[in-house]
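Some notes on the structure that comes next.
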Ligand code: ADP
Ligand code: MG
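If you want it as structure tokens, here you go:
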């Protein structure tokens, strides 16, 4: 028997999409922080409990959402950041797909409080599984607070796959560290189970952000990087030969302020350190790439962690050669110098 073709309803579509965007609590934290960054916040506070499974609260002092648009922000494909596909070529926001709030809301219980500069009073909206259950005026300062409770309460299969609170907390902490380093002009505060884990100065100094997150041993062993080429500028810091790691968790790469996981760039960095740190060890790096948005595609995956470059070979060679040059030109620590 041939089955009839159904057009899926909004509720079903959102739950399916949530499977891609909201994999675990740290994906919620990433999307919400990115929204706060896009709202021009200068201060973002993140509070979690029990690995974010039952409670995540993000508070920002950004521009807020006008009361009449609050419902709309939870609709799929509703975004204030682009209006046509060409806008992707001059994108200067982290979001553009308009699906994070819809996806998160469809698999959790949400309270959102927001107020813009032009409003006398704020707005509170509550949703459960994507359905609006209440909207009311509320006193609030300018900015947005969003509380996400009971993640995956209505998708038990997904809930079962969550790791222990400790493992989920590690993933959240790592995501916050990456976003705080990438946005060092913003003050981040991170509270886990009522304990302050992190505050960054937000004083527009990358090195100060690195010091507040990873400590002075790392901050004191960095080599500044400044690479200018026709299509690409790279600034930031790389570790000298005394501070390598067994894994890649301290490799930070940002493209136009977006934290990305780029195998291409990490491989180029690995090649650049060959002979300088032991094989199978991983360098520490904090690199900001500035590239013409026309030369990249940020829309290859819903989580936007991957990115595609127009000229991969050029980028690979540039990074490998220039980082290697910077390493060889810097004073490496003799006791760690390798004999090969
Ligand atoms: P996107 O970020 O891709 O636009 P989202 O679903 O994450 O999509 O958010 C939808 C819209 O809600 C945003 O475009 C923005 O207008 C608004 N919004 C969400 N979070 C915030 C925030 N923290 N401050 C101000 N506006 C926000
Ligand atoms: Mg967003």
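Numbering (our numbering), first residue to last: -13 to 326.
Heads up, the beta-carbon is just placed ideally off N, CA and C, and yes, glycines get one too.
Residue 138 and residue 93: beta carbons closer than 8 Å?
-> Walking along the chain shown from the start, residue 138 turns up at place 152. Walking along the chain shown from the start, residue 93 turns up at place 107. Contact flag set, yes.
Between residue 119 and ligand 1, is the CB less than 7 Å from at least one heavy atom?
-> Position 133 of the chain shown, counting from 1, holds the residue named residue 119. Because no heavy atom of ligand 1 lies under 7 Å away, the Cβ of residue 119 does not count as near it: no.
DSSP state of residue 218 mapped onto helix, strand, coil | Numbered from 1 along the chain shown, position 232 holds the residue referred to as residue 218. Three-state result, residue 218: strand.
Is any heavy atom in ligand 1 found nearer than 7 Å to the beta carbon of residue 49?
-> The residue labelled residue 49 in the question sits at position 63 within the chain shown. Yes, ligand 1 has a heavy atom inside 7 Å of this Cβ.
Ignore the nearest five residues each way along the sequence and tell me which others in residue 151's own chain have a CB closer than 7 Å to its CB.
-> Start at 1 with the first residue of the chain shown, and residue 151 comes out as number 165. Once the five neighbours on either side are set aside, the close Cβ partners of residue 151 are 36, 37, 39.
Residue 114 in three-state terms, based on DSSP | Start at 1 with the first residue of the chain shown, and residue 114 comes out as number 128. Residue 114: strand per DSSP, three-state reduction.
Closer than 7 Å: is that where the CB of residue 21 sits relative to any heavy atom of ligand 1?
-> As a first step, residue 21 must be located in the chain shown, where it is residue number 35. Under cutoff, so the answer is yes.
Mind the definition here: the region 110 to 123 touches the region 19 to 28 only if three or more C-beta pairs lie below 8 Å; say whether that holds.
-> no
Closer than 8 Å by C-beta to residue 201: which residues in its own chain qualify, once you throw out the five before and the five after it? Chain order, please.
-> Here residue 201 refers to the residue found at position 215 when the chain shown is read from its first residue. Taken in chain order, the list of residues that qualify is empty.
CB of residue 170 within 8 Å of CB of residue 205, strictly | The residue labelled residue 170 in the question sits at position 184 within the chain shown. The residue labelled residue 205 in the question sits at position 219 within the chain shown. Contact flag unset, no.
Per DSSP, the bridge partner or partners of residue 108 | Residue mapping note: residue 108 aligns to position 122 of the chain shown, counting from 1. For residue 108, which the question treats as bridged, DSSP gives the partners 124.
Can you pull the DSSP bridge partners for residue 168?
-> Your numbering for residue 168 matches position 182 in the chain shown. DSSP, once it has assigned bridges, lists no residue as partnering residue 168.
Can you say whether residue 326 is buried or exposed, counting buried as having 16 or more other CB atoms within 10 angstroms of its CB?
-> As a working mapping, residue 326 is identified with position 340 in the chain shown. In this prediction, residue 326 scores a pLDDT of 46, lower than 50, which makes its location untrustworthy; the coordinate-derived value is nonetheless stated afterwards. Exposed, since its Cβ has fewer than 16 Cβ neighbours within 10 Å.
Residue 337 vs residue 60 beta-carbon contact at 8 Å | Missing from the structure shown is residue 337; the chain here goes from -13 to 326 and no further.
Would you mind stating whether residue 291 and residue 246 have Cβ atoms separated by less than 8 Å?
-> Sequence index remark: in the chain shown, residue 291 carries index 305 (1-based). Sequence index remark: in the chain shown, residue 246 carries index 260 (1-based). In this structure, residue 246 lies closer than 8 Å to residue 291 by Cβ.
Contact test: residue 81 Cβ vs ligand 2 heavy atom, cutoff 7 Å | Numbered from its first residue, the chain shown carries residue 81 at position 95. Indeed, a heavy atom of ligand 2 lies less than 7 Å from the Cβ.
Inter-residue spacing [alpha-carbon to alpha-carbon] between residue 75 and residue 280 = Start at 1 with the first residue of the chain shown, and residue 75 comes out as number 89. Start at 1 with the first residue of the chain shown, and residue 280 comes out as number 294. If I take the Cα positions, the gap works out to 5 Å.
What are the partner residues of residue 212, as DSSP defines its beta bridges?
-> By one-based count along the chain shown, residue 212 stands at place 226. According to DSSP, which records beta bridges pairwise, residue 212 is partnered with 221.
Pick from 231, 252, 51 that is closest to residue 110, judged by C-alpha positions = Within the chain shown, numbered from 1, the residue matching residue 110 stands at position 124. Comparing Cα positions, the closest option is 51.
Residue burial classification, residue 113 (beta-carbon count within 10 angstroms, cutoff 16) | In the chain shown, the residue the question calls residue 113 occupies position 127. Buried, by the Cβ-count rule.
Check: residue 67 C-beta below 7 Å from any heavy atom of ligand 1 = If you number the chain shown from 1, residue 67 lands on position 81. Answer for residue 67: yes, Cβ within range of ligand 1.
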